[in-house]
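> Here it is: the structure, laid out below.
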Amino acid sequence: MSTRRPATGRFLQLLALSASGVGQPLLGLMADYPGFLVAHRSTPGDVVLLALALLTAPALALFALTRAVGLVSRQGELIAHGLFMAGFSSLIMLHWLGRLMPDVAAPSLVGAVVFGALFAAGVARSSILRGITELYSAMVLVFLALFLADSDIRALVFQASPPAIESPRIRESTPIVMVIFDELPLSSLLDADGQIDRDRFPAFAKLADRSTWFRNTTGVASYTQQAVPAILTGRYPGTEPRLAIASEHPYNLFSMLAGSHELNVFESQMQLADPDQLPRPPVARGMRPLFGDLFIVYLHVVLPASLATELPAVSESWKDFAGDEEDRDPADAEGGSHPAHFRRFVDSIEATDEGVLHFIHSSLPHRPWHYLPSGKVYFPHRQHGLTVQFRTLSGDWWQQEACQRHLLQLRFADRLLGELLQRLEALNLFERSLVVVTADHGVAFWPDDNQRMVGLSDHPEEILSLPLLVKRPHQERGYVDDRNVETVDILPTIAHLVGAELGSGSGDIAQDAFEFDGCALFDPACEERPDKVAYWSIEPQPKSMQVLRFDKELGLGDEGLRRKLAWFGEGLYRFGPHAELVGRRLASLDVGPDYAGRLVLDTPGRPGSRGLGERFAPVRVSGLLELAHEPGYTPQVAVALAGRIQTVVPAPVEGAAGRRVLAMIPEEALAAGSTPELFLVEGTPEGPRLLPLELR
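When we follow this note's numbering, the leftmost residue of the sequence shown carries the number 536, and every step to the right adds one.
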């Protein structure tokens, strides 16, 4: 009896501190960002088990470990308990100090460790402090209750089954192929004539040749969690948005076609398809990738910002923050932004005479931008997701460099689209299919402007303007339609083209619940709306949203296109004041004998590395420039490979870090070598002189 009471007390002490230091911060973050759970396809049971595990599992595991130590040494058990108490106490303090002193890592770490040691010693010596700590363990129930009481979490855990929906009668068993790309502004696809760039994006151009291109299409939200449900339901997000799950959006594309079409659905960050309507069970994400992502998120939560910068970032998607498709289970069809997700979708399409909906929401070409047009990756990338950091970057170069990488990744997305079109043609499905290709939202590349928050951007057209290509069955020619179109028009257009008899059901089930805010674009009765609407919030999973209105010709603005052409009209690697150097051999140039400085490389996969397999291409040079003499202007750095200049980039100041060099080398140039030479460019464009830079 005398040993049971202290053991119970020690467990309660660990429980109190682990729940406060580990469980509660993560539960609070997931309550703020429930899209994280939706993207991981978490079931109600998963959510509850996850909450219980985060609150209790660390304490249970470490308590069991201390008891095991106690079987060998009673003193060792007490020491282990004290160390674990100090560790949890340090985490709690580190979390708070990191918020107070985000850029001062060393004092935060030292202060947290000192506090943890003092608190653990105090608990060991003071019965009062022990009692308070043990009583505080009851907060586990409070943390759990607050988490489950959150409106979005409650919707996930206690979600009612989607209502029984009698799918409307569909007159045409037309095969439907629908692709939603992610973060794809229309201007990225266009050439100087305002047409789809046939050289850079041949698959999009090929589809446009047989489709109706609604050139003035805009999205109705700038976050995926609201934008995709709007596409699939034909309804605006509303000022009180709902989670992207079937029970919150029951009347959608999938439930409309469930009675007439087989559903081949590849969702990425949603759960809008009712699992009971799918002929194959959806692939469960499982708990392992979820806990892996949570671990990275937790480090961001607890560490000072200056240390967290070395972690995979968590600011631009909802999952797979550090993963790579080579680490993924081959059976996982929900593979985030990876091309394997898209290719599994293409491979799943089979020839059939029955009505089938082939649907995919692909996270490409969404950031992180790390794919080349061939599909190779060019450095061990940091994934991004969960917290909102759509940065406002000063200076043209940072945005130009981001846009360059976006366009390279978009070329890879075009390649995947081409593989899909080839598959459809090989199966004789393309001709008779209804093919719809669009995107959920765009992205802006303007200095001192927000890239994604439409309500904070001076260029909302770049965030809202999207491609929308609709190829009707047996359509032979392409057309351009400049009417005011919004993505809520897509579902009613599909319903019209397949002859959906909405509101024609019988019995107690009201089929007129398929009501749309948009209209069928090929229906003569579809009247053009007088303006454009967008819903937005600072948070990607907000509790409320604001309504913005724009001119009906917003999608026809060409300011972003003109800017892109000014940057890359001569090529994706040929830009800036010394663009004429690109392609020239070093032997034909004036190259000085002495080093002008050095570049300290900071990418883990430094140029020349072959340690990442055949999927890696060493095309990115990233590092800090250290010059013998600091110029009074932004220096230009030429990157050469195999004796030929491949690109010339500026080296602007990056805060307190120094001058940053970010350069991309064309992948095809790697055939001649993989170790670059760098030079400081001096003189005028008419008479340049190159001074070597040492690589470190």
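Using N, Cα and C, we set each Cβ at its ideal position, and we do this for glycine too.
How would you write the range of the beta strand (DSSP E) that Trp748 sits in, first residue to last?
Counting from 1 along the sequence shown, the entry for residue 748 is found at position 213. Unbroken beta strand (DSSP E) run through Trp748: 747-749.
> Below 8 angstroms between beta carbons: does that hold for Val648 and Ser672?
Taking the first residue of the sequence shown as 1, we reach residue 648 at position 113. Taking the first residue of the sequence shown as 1, we reach residue 672 at position 137. Cβ atoms of Val648 and Ser672: not closer than 8 angstroms.
> Measuring CB atoms only, is the region 1029-1038 touching the region 981-1000, in the sense that at least three cross pairs come out at less than 8 angstroms?
No contact exists between the region 1029-1038 and the region 981-1000.
> Which residues bound the beta strand (DSSP E) around Gln1181?
Numbered from its first residue, the sequence shown carries residue 1181 at position 646. That run of the beta strand (DSSP E) goes 1179-1185.
> For Pro1227, name the three-state secondary structure that DSSP assigns.
As a first step, residue 1227 must be located in the sequence shown, where it is residue number 692. It is a strand residue.
> With DSSP collapsed to three states, give me the class of Gly646.
The residue labelled residue 646 in the question sits at position 111 within the sequence shown. Correct three-state label for Gly646: helix.
> Report the residue from Leu547, Glu1105, Gly890, Leu589 whose alpha carbon sits nearest the alpha carbon of Phe830.
If you number the sequence shown from 1, residue 830 lands on position 295. Considering only alpha carbons, the answer is Leu589.
> Leaving out five residues on either side along the sequence, give the residues of the same chain with a beta carbon under 6 angstroms from the beta carbon of Ser553.
Indexing the sequence shown from 1 puts residue 553 at position 18. These residues qualify, in order along the chain: Pro593, Ala594, Phe623.
> Mind checking who Lys911 pairs with in its DSSP beta bridge?
For the purposes of this step, residue 911 is identified with residue 376 of the sequence shown, where counting begins at 1. BP columns for Lys911 are empty, so no partner.
> Less than 8 angstroms separating the beta-carbons of Glu960 and Val891?
Here residue 960 refers to the residue found at position 425 when the sequence shown is read from its first residue. Here residue 891 refers to the residue found at position 356 when the sequence shown is read from its first residue. No, the Cβ-Cβ distance between Glu960 and Val891 is not below 8 angstroms.
> Check for me: the beta strand (DSSP E) holding Gln804 runs from which residue to which?
Against the sequence shown, residue 804 aligns to sequence position 269. That residue, Gln804, is in no beta strand (DSSP E); it is neither H nor E in DSSP.
> Can you give, in chain order, each stretch of the alpha helix (DSSP H) that sits fully within the region 1010-1059 and has at least 4 residues?
The region 1010-1059 contains these whole alpha helix (DSSP H) runs: 1025-1032.
> Whole-angstrom Cβ separation of Asp809 and Ser795, contact assumed at under 8 angstroms?
Here residue 809 is taken as the residue at index 274 of the sequence shown, counted from 1. Here residue 795 is taken as the residue at index 260 of the sequence shown, counted from 1. Asp809 to Ser795, Cβ: 15 angstroms. No contact.
> For Leu1004, tell me which candidate among Arg902, Ile715, Pro982 has the shortest Cα-Cα distance.
The residue labelled residue 1004 in the question sits at position 469 within the sequence shown. Of Arg902, Ile715, Pro982, the residue nearest in Cα terms is Ile715.
> Nearest to Leu1317 by CA position, among Leu1228, Gly1106, Ile627, is which residue?
Since the displayed the chain opens at 536 and closes at 1231, residue 1317 lies outside it and no answer follows.
> Give the straight-line distance between the Cα atoms of Pro541 and Gly666, rounded to the nearest whole angstrom.
By one-based count along the sequence shown, residue 541 stands at place 6. By one-based count along the sequence shown, residue 666 stands at place 131. Going by the C-alpha atoms only, they are around 11 angstroms apart.
> Could you tell me if Ile711 is buried or exposed, where buried requires 16 or more neighbouring beta carbons within 10 angstroms of its beta carbon?
The count along the sequence shown starts at 1 and reaches residue 711 at position 176. Label assigned to Ile711: buried.
> Pick out whichever of Gln812, Gly754, Tyr758 has its Cα sitting closest to the Cα of Ala781.
The residue labelled residue 781 in the question sits at position 246 within the sequence shown. Ala781 has its Cα closest to that of Gln812, out of Gln812, Gly754, Tyr758.
> Should the region 1071-1080 be regarded as contacting the region 755-770, the criterion being three or more beta carbon pairs within less than 8 angstroms?
The answer is yes - the region 755-770 touches the region 1071-1080, with three or more Cβ pairs under 8 angstroms.
> Using 8 angstroms as the cut-off, can you tell me whether the region 941-955 makes contact with the region 899-906, which would need three or more C-beta pairs spanning the two stretches below that distance?
At 8 angstroms Cβ cutoff, the stretches touch.
> Counting only runs that start and end within the region 968-1015, where is the beta strand (DSSP E) found for 3 or more residues in a row?
Whole beta strand (DSSP E) segments, 3+ residues: 969-974, 1003-1006.
> Can you give the Cα-Cα distance for Leu899 and Leu618, rounded to whole angstroms?
Numbered from 1 along the sequence shown, position 364 holds the residue referred to as residue 899. Numbered from 1 along the sequence shown, position 83 holds the residue referred to as residue 618. If you take the alpha carbons of Leu899 and Leu618, they lie about 46 angstroms apart.
> Which partner residues of Gly1218 appear in the DSSP bridge assignment?
As a working mapping, residue 1218 is identified with position 683 in the sequence shown. Answer is Pro1223, bridged to Gly1218.
> Decide yes or no for the touch test of the region 575-589 against the region 698-708: beta carbon pairs closer than 8 angstroms, at least 3 of them.
As far as the Cβ criterion goes, the region 575-589 does not touch the region 698-708, which means the pair count is below three.
> Determine, using beta carbons only, whether Phe682 and Ala566 come nearer to each other than 8 angstroms.
If you number the sequence shown from 1, residue 682 lands on position 147. If you number the sequence shown from 1, residue 566 lands on position 31. Result yes, Cβ atoms of Phe682 and Ala566 sit closer than 8 angstroms.
> Arg940 lies in the alpha helix (DSSP H); which residues open and close that run?
What you label residue 940 is simply residue 405 of the sequence shown in a count that begins at 1. 931-961 is the span of the alpha helix (DSSP H), which, as asked, contains Arg940.
> Between the region 952-967 and the region 731-744, are three or more C-beta pairs nearer than 8 angstroms?
Taking 8 angstroms as the limit for Cβ pairs, the verdict is that the region 731-744 does touch the region 952-967.
> Can you tell me whether His575 is buried or exposed, with buried defined as 16 or more other CB within 10 angstroms of its CB?
The residue given as residue 575 occupies position 40 in the sequence shown. So His575 counts as buried.
> Between the Cα of Val1196 and those of Leu1134, Val755, Arg1231, spot the shortest distance and give me the residue it belongs to.
Residue numbering aside, residue 1196 sits at position 661 when the sequence shown is read from its first letter. Checking every option, the nearest Cα to that of Val1196 belongs to Leu1134.
> Alpha carbon to alpha carbon, what distance is there between Thr887 and Leu788?
Your numbering for residue 788 matches position 253 in the sequence shown. Your numbering for residue 887 matches position 352 in the sequence shown. Straight-line Cα distance between these residues: approximately 20 angstroms.
> Where does Arg735 land, buried or exposed, given buried means 16+ other C-beta within 10 angstroms?
Here the question's residue 735 lines up with position 200 in the sequence shown. When all chains shown are included, Arg735 counts as buried.
> Please report how far the alpha carbon of Val971 lies from the alpha carbon of His876, in whole angstroms.
As a first step, residue 971 is located in the sequence shown; it is residue number 436 there, counting from the start. As a first step, residue 876 is located in the sequence shown; it is residue number 341 there, counting from the start. Taking the straight line joining both Cα atoms gives about 19 angstroms.
> What does a CB cutoff of less than 6 angstroms around Cys1061 pick up in its chain, not counting 5 residues either side in sequence?
By one-based count along the sequence shown, residue 1061 stands at place 526. Excluding residues within five positions, the ones whose Cβ falls inside 6 angstroms are Cys1054, Ala1055.
> Work out the CA separation of Gly1090 and Gly1140 for me, nearest whole Å.
If you number the sequence shown from 1, residue 1140 lands on position 605. If you number the sequence shown from 1, residue 1090 lands on position 555. With a pLDDT of 45 at Gly1140, under the threshold of 50, the modelled position of that residue is not reliable, and no figure is offered here.
> Counting only runs of 3+ residues fully inside the region 714-776, write out the beta strand (DSSP E) ranges in chain order.
DSSP runs (the beta strand (DSSP E)) wholly in the region 714-776: 747-749.
> Between the beta-carbon of Ile884 and the beta-carbon of Arg958, is there less than 8 angstroms?
The residue labelled residue 884 in the question sits at position 349 within the sequence shown. The residue labelled residue 958 in the question sits at position 423 within the sequence shown. Contact flag set, yes.
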